[in-house]
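Asks:
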Amino acid sequence: MKRSKKLIIAILLVINIGLLVVIAGALFGGPDLTQESKDILVLASDKYEQPHGGVDMAFMVHLENGSLVNYTPIYPGGMTHPNQTAPGGMQGQMFMHDCLWDGIDSGTKYAAEIVAYNTGMHADAVVVVYDEGIDNIINSIRPLIVDGVESNLSATDIIRSNDAYNGYPGNEHVQGNMSRADAVMVLAKALSNASKDPIKKSTMVEAALKEYSNGNIIMKPEGSFTRLLATKGFEKIS
Numbered sequence: 015m016k017r018s019k020k021l022i023i024a025i026l027l028v029i030n031i032g033l034l035v036v037i038a039g040a041l042f043g044g045p046d047l048t049q050e051s052k053d054i055l056v057l058a059s060d061k062y063e064q065p066h067g068g069v070d071m072a073f074m075v076h077l078e079n080g081s082l083v084n085y086t087p088i089y090p091g092g093m094t095h096p097n098q099t100a101p102g103g104m105q106g107q108m109f110m111h112d113c114l115w116d117g118i119d120s121g122t123k124y125a126a127e128i129v130a131y132n133t134g135m136h137a138d139a140v141v142v143v144y145d146e147g148i149d150n151i152i153n154s155i156r157p158l159i160v161d162g163v164e165s166n167l168s169a170t171d172i173i174r175s176n177d178a179y180n181g182y183p184g185n186e187h188v189q190g191n192m193s194r195a196d197a198v199m200v201l202a203k204a205l206s207n208a209s210k211d212p213i214k215k216s217t218m219v220e221a222a223l224k225e226y227s228n229g230n231i232i233m234k235p236e237g238s239f240t241r242l243l244a245t246k247g248f249e250k251i252s
């Protein structure tokens with residue numbers, strides 16, 4: 015399986031809201047992600063780092079007629095908004111890491127604008143996935159097997175154990191030797207392997223439903239991704 019496929023399975027496992035929300039998908043508006051070329055910006059956020067969470071990693075997922083074509087990792091370090099000032103009394107321009115500070119509605123808009131300004135990529139929808147939501151889904155099937163070894167680490171700690179923190183001061187004592195994107199792939203592979211067990215997959219989907227209800231998985235515009243799942247189904251996009 016291609017690396018992109020493994021990552022998207024991991025992303026979908028934590029944002030897949032299952033059959034129960036297919037009904038809700040018909041009730042909300044939003045762009046139809048099942049038609050033509052569409053891009054979804056996925057924000058991985060530390061929920062309690064600052065108001066509404068700090069964005070630690072992002073990916074642009076590219077779909078053609080609802081089917082995965084590729085993804086692009088977007089590490090938010092250094093990316094700033096073209097005209098929004100930093101929130102919370104901080105100085106200078108708004109960094110992508112801080113885009114959610116003033117709320118989800120404005121934050122997802124700012125995130126899309128930052129990515130467009132810095133990369134030229136434009137998002138048709140934005141998904142925020144909090145680390146707490148990922149951890150609760152992983153907890154539902156523990157122990158998670160990571161690189162052949164049972165692990166009880168949190169999602170964040172799994173990534174941190176492999177992340178070299180390239181370009182950041184003080185990283186000379188960090189043991190990880192991977193880019194942030196590759197460190198995320200280690201977690202993605204573990205989740206992908208776990209999903210091959212039908213019982214674990216069902217458990218994770220049920221846990222994801224709960225995390226969506228708890229606000230640990232957020233989609234803007236509402237309903238856009240549910241319509242994709244309703245039309246294509248989980249297996250078609252994974």
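Residue 252 is where the sequence shown ends in the working numbering, and the numbering goes up by one at each step. Virtual Cβ for every residue (Gly too), placed ideally from N, Cα, C.
(1) Taking the straight line between their C-alpha atoms, what separation do you get for F73 and W115?
(2) Could you tell me which residues DSSP puts in a beta bridge with D53?
(3) Excluding the 5 residues preceding and the 5 following A100 in the sequence, name in chain order all residues of the same chain whose CB lies nearer than 8 angstroms to its CB.
(4) Just the Cα atoms here: how many angstroms apart are M104 and A195?
(5) Can the beta-carbon of V141 be found closer than 8 angstroms to that of M233?
(6) Relative to the C-alpha of M93, which residue among V75, E78, V69, H76 is closest?
(7) So M199 packs on I155, CB below 8 angstroms; how close in whole Å?
(8) Going by the CB atoms, is the gap between A222 and I151 shorter than 8 angstroms?
(9) How should E146 be labelled, buried or exposed, when 16 other C-beta atoms within 10 angstroms of its C-beta is the threshold for buried?
(10) Can you tell me whether K203 is buried or exposed? The criterion is at least 16 other CB atoms within 10 Å of its CB, across all chains shown.
Replies: In this structure, then:
(1) Position 59 of the sequence shown holds residue 73. Position 101 of the sequence shown holds residue 115. Roughly 19 angstroms separates the two Cα atoms.
(2) Within the sequence shown, the letter at position 39 stands for residue 53. Looking at the DSSP assignment, D53 forms a beta bridge with H76.
(3) As a first step, residue 100 is located in the sequence shown; it is residue number 86 there, counting from the start. Counting only Cβ-Cβ distances below 8 angstroms, and skipping sequence neighbours, we find G106, Q107, M108, F109, D112.
(4) In the sequence shown, counting from the first residue as 1, residue 104 sits at position 90. In the sequence shown, counting from the first residue as 1, residue 195 sits at position 181. Roughly 27 angstroms separates the two Cα atoms.
(5) As a first step, residue 141 must be located in the sequence shown, where it is residue number 127. As a first step, residue 233 must be located in the sequence shown, where it is residue number 219. Contact flag set, yes.
(6) Here residue 93 corresponds to residue number 79 of the sequence shown, with the count starting at 1. Restricting attention to V75, E78, V69, H76, the CA atom closest to the CA of M93 is found in V69.
(7) Mapped onto the sequence shown, residue 199 falls at position 185. Mapped onto the sequence shown, residue 155 falls at position 141. Between I155 and M199 the Cβ distance is about 19 angstroms, and since that is not below 8 angstroms, they are no contact.
(8) Sequence index remark: in the sequence shown, residue 151 carries index 137 (1-based). Sequence index remark: in the sequence shown, residue 222 carries index 208 (1-based). Contact: yes.
(9) In the sequence shown, the residue the question calls residue 146 occupies position 132. With a threshold of 16 other beta carbon atoms within 10 Å, E146 meets it and is buried.
(10) Counting from one through the sequence shown, the residue named residue 203 turns up at place 189. Around the C-beta of K203, 16 or more other C-beta atoms lie within 10 Å, and the residue is accordingly described as buried.
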